[in-house]
Structures are given as structure tokens and as C-alpha cells.
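Report on one structure; see the data block that follows.
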Amino acid sequence: MQTIDEGIFYEHCYPGVTVGAITLPHGIIMIDAPLRLEDIRGWRSALHSRGGGERLLVSLDAHPDRTLGVRLMESTVVAHQKTASALKKRSSIFKGQSDENGAEWELCTPLGSRRWGHPDITFSSQLTLHWGESTVHIAHYPGPMPGACWVSVPEAKVVFVGDAVLKDQPPFLGDANIPRWVESLEALSSEAYQGYTIISGRGGPVAAQDVEAQRLLLERIHEELTNLLEKGAPAKAARALAADLLEEIPYPARRKGFYTLRLEYGLEACYKQNYLKSEKHKK
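For the sequence shown, our numbering gives the first residue as 717, with consecutive numbering after it.
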């Protein structure tokens, strides 16, 4: 467990996503959940040693990598309304059977059958928690997924941004709205977040240049997909963009095939949903 500031921690040693915790007089606010049962037990044990009180878990979006372990955390869950809607649309029991799309849970199988943990509390724009002298803000910043949100502690200048910025890996595009994502990154680069420690949901602390690199990559992807649309290209044509895009991202060589799969799947899904369908609606 790595300390960011007094009472604010993150852990990125588990497969899946980077998890976080904010310890306050009223209890502990947890950010996301580990995937594997043994990691969930280890994380809960580590948090127990930090104090008692209430337990509140914030799901930063609906991605399976961060929601498969939520129910096993045995906590009150907070998420955006659109995250709650996405979870309701899934079958009640996860059995690990789906098309491969480059998600981290695919490397952790067998996870066994699990029930999804649905939010107990939802919000539409923002939610503020007063659990001590420091306030904790949960705010909607869509882009990676419709219900994506960030958790910030203004007094400590720390913000957990989930998949808004990814470290040394390609973005998840399957449920993305790229223009909204770029807007969220512009907000992250604005004066409102100057001097903040930014914690990515995939790798921990990131710098301002990482935020800018993510924005530039997304703008290029948007341009490439728009060009395909203007040419009347079919959905599968978007997959061909993956190889060149991957060259712009620093990543471990051993993961080339896995990350290529993630990009190919995401590009096709994003192009089909947000470009081809939008064009059909205009007609």
C-alpha cells in the first residue's frame, strides 16, 4: 500500500485496476475493488489495519475489471446512475464467458461464477461526503464509459481518475465517447486541478505530460475514425488502425498481442456505436 498523503493510499500490485482508500474519522472510503478473491481478502485486511468505522466503496465506472470484486468487498457501494444502469443490463451472474476484448480479468481466469455488486447509492452529477475535516468529492467525468467518475480530496490535492488516463497501455474504447473523454482531460489539465496528485486507475500516479499524451492519442483516434466514416468504411475496418496506434504507446513487449486485441476490439466497437450509428441517425 502506497501513501499519497496522510490517510490517502493506493495499491497497484493487484491484477485488474489500481485501488485506493481514504481514511477519515467516520470510516474508510474505498476506490474500486481487486479482481481475485485472494487479493480482495488481502486488501480488506490491509484496510482493517488502518481503522474501523463505516465502509463505503466508490466504483469509478462499470468496467468488469473494477466491478467484478465489488460485491465481495461487503460494503455500501456508490456509483454514477449510468454505471448502475450498465450493471442492471448484465446477466445477474458473471460466468467468465464472453468475447475476448483485452480486459485484465481475462488473464485472471478462472474467477468462478459471481454476482454483480449493484450500487446502493447513485448520483447524477456530483456527490460530496463529509466524513471528517476533509471533504471528499465524487464527480461525473464521462469519456471512458458513460458513468465514469473521479474521486477527489481538495484539501490534500489528490484525485483518483480511473481510466481517464492510462499508464503504459492502450485505452479501453469499447464503451467510450471520445469527444467527452477529451473534454474531461481538458478539465483535468485546467486550473481547477493544478498541483493535484493524479492517480490513474491503471498504474497509479501520472504526470501532466501523461494527461497530455492521453489527450493527443484520443484526438488522433477520433480523427482516424472520422476519416473512416467519411470514406464509408465498415465497422471491421477500424481494427486496422490498431497497429499504428499501438506504436505511440510505451508498453511491455510481452503484452503486444493482448494490447493489440484490446485496441482492435475497442476501435471497432467505438466506431460502430459512436460514428456509424450516429451517421445513420442523421439520415
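Beta carbons: idealized from backbone N, C-alpha and C, even for Gly.
Pick out whichever of the options has its Cα sitting closest to the Cα of residue i.
i     : options                   : result
L945  : R787, N990 and P826       : N990
V774  : A762, G833, N817 and G828 : G833
L934  : I915, L962, V922 and A951 : L962
R752  : R766, H764 and R782       : R782
S1025 : V922, S765 and T851       : With the chain covering only 717 through 999, there is no way to say anything about residue 1025.
A801  : Y909, S840, W821 and H764 : Rather than Ala, the amino acid found at residue 801 in this sequence is Ser. When each option's Cα is compared against that of S801, the closest is S840.
L772  : L983, D891 and I744       : I744
F888  : A903, A855, F974 and G769 : F974
R978  : K993, L992 and A959       : A959
E899  : A864, T799, Q797 and T844 : A864
Distance check for residue j and residue i, CA to CA, integer angstroms please.
i    : j    : result
T825 : L901 : 33 Å
E939 : L932 : 11 Å
P886 : T838 : 29 Å
S829 : I894 : 33 Å
V875 : G919 : 14 Å
P968 : Y987 : 27 Å
E727 : S916 : 11 Å
E980 : S765 : 42 Å
L788 : W897 : 30 Å
I937 : G767 : 45 Å
Taking 8 Å as the CB-CB cut-off, is residue i touching chain D?
i    : result
H834 : The structure shown contains no chain D; it is built from a single protein chain.
If you drop the 5 nearest sequence neighbours on each side, which residues of the same chain put their C-beta closer than 7 Å to that of residue i?
i    : result
P750 : Y730, G732, V735, I756, W759 and G785
I724 : I738, V869, A872 and V874
D721 : A872 and V874
Sorted by chain position, which residues of the same chain lie with C-beta nearer than 8 Å to residue i's C-beta, five sequence neighbours on each side aside?
i    : result
S808 : R831 and W832
R971 : Q885
R806 : W832
A819 : H779, P780, D781, F888 and R978
Skipping 5 residues on each side, what residues in its chain have a beta carbon closer than 6 Å to that of residue i?
i    : result
L827 : G812
G911 : K873
E871 : S850
P741 : G848
L941 : Y987 and Y991
Can you give the beta carbon distance from residue i to residue j, rounded, assuming they're within the 8 Å contact cut?
i    : j    : result
T792 : D836 : 5 Å
Task: Segment contact flag, the stretch 855–867 with the stretch 946–958, C-beta cutoff 8 Å, min 3 pairs - done: no
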